[in-house]
Amino acid sequence: MEAALDITVLDALLDLTGMPCSTDSESASSDQEHSSPHRTKDGSRHHRSRGAPIACQVSGCGRRARRGNCCLGHGGAKVCKAEGCGNAAQTHGLCKSHGGGARCTKPGCDKSSQGQGLCRTHGGGKRCSHQGCTKGVQRGSKCATHGRIRVCSAEGCGRMDRGGGMCDGHRKARECKAGDCKRLSHATNLCKLHLRRQERVYVGVIMLEIAESATSLSIPY
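And the structure:
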């Protein structure tokens with residue numbers, strides 16, 4: 001099995017699998033029912049409660065539904081069009097990492113806005129609650145210096161945990177092999193997202209083969 005996937009081919013085949021997600025119009029109607037504001041007797045606007053998050057409707061999946069009653073991995077949102085990326089698209093078909101979403105308003109800066117129209121470097125996002133510290137928050141309400149820092153779980157390594165219990169150096173050996181994906185792999189050198197997509201592609205291919213076989217065996221009148 002090849003770990004490196006052709007994402008373009010994957011996307012084309014995924015359309016043939018017929019996942020039972022509802023349409024965008026159905027999703028939009030559902031969203032309006034949960035979140036549309038209405039006027040109270042005094043004329044003020046009041047938003048209805050959204051209630052509990054809706055789980056993905058795909059059997060066996062407990063992730064939160066994004067759109068069409070499905071999670072991101074099962075087609076519930078547009079995926080970033082950058083090759084090998086499985087993040088949700090923000091604007092222009094791109095995720096924040098690849099240029100989508102709001103950008104920093106400082107001249108010459110193209111980093112993602114973290115709040116107030118600014119990136120972390122220029123003051124956007126939450127700041128450390130330690131008196132006199134202006135660094136960005138890492139965990140809880142503290143920066144890496146003043147908060148409880150997690151270290152890499154690799155034996156003998158004292159570097160900072162950058163996700164998945166490992167530092168940047170030790171993460172690379174376990175990164176997903178699909179394109180430029182940086183998620184940690186869990187099986188066959190693929191992250192959970194790309195593993196699910198690959199499984200759906202195989203199902204689609206099998207369905208096509210069955211359909212072709214049935215067509216070739218059909219007897220004309």
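Each residue of the sequence shown is one higher than the last, beginning at 1 in full-length UniProt numbering.
Glycine included, every Cβ here is placed at the ideal spot set by N, Cα and C.
Given the structure is predicted, the values throughout are model-derived calculations rather than measurements.
Query raised in the report: Can you find at least 3 beta carbon pairs, one from the stretch 98–106 and one from the stretch 210–217, that sit closer than 8 Å?
Result: no
### Query
Taking the continuous alpha helix (DSSP H) assigned at Arg171, which residues delimit it?
168–171
Compute the distance between the beta-carbons of Arg127 and Thr134, then report whether it is under 9 Å.
yes
Problem - Per-residue DSSP class, three states only, for Ala154 - result: coil
Mapping the DSSP letters down to three states, classify Ser97 as helix, strand or coil. helix
Cutting at 8 Å between CB atoms, please list the residues of its own chain near Gly100, excluding the five before and the five after it. Cys80, Ala89, Gln90, Thr91, His92, Gly93, Leu94
Practice problem: Select from Lys142, Arg159, Ser59 the residue whose C-alpha is nearest the C-alpha of Gly132. | Solution: Lys142
If you measure from the CB of Gly140, is any heavy atom of the ligand SAH nearer than 8 Å? No copy of the ligand SAH occurs in the structure displayed, which carries no ligand at all.
Worksheet item: Does DSSP put Arg174 in a helix, a strand or coil?
Response: helix
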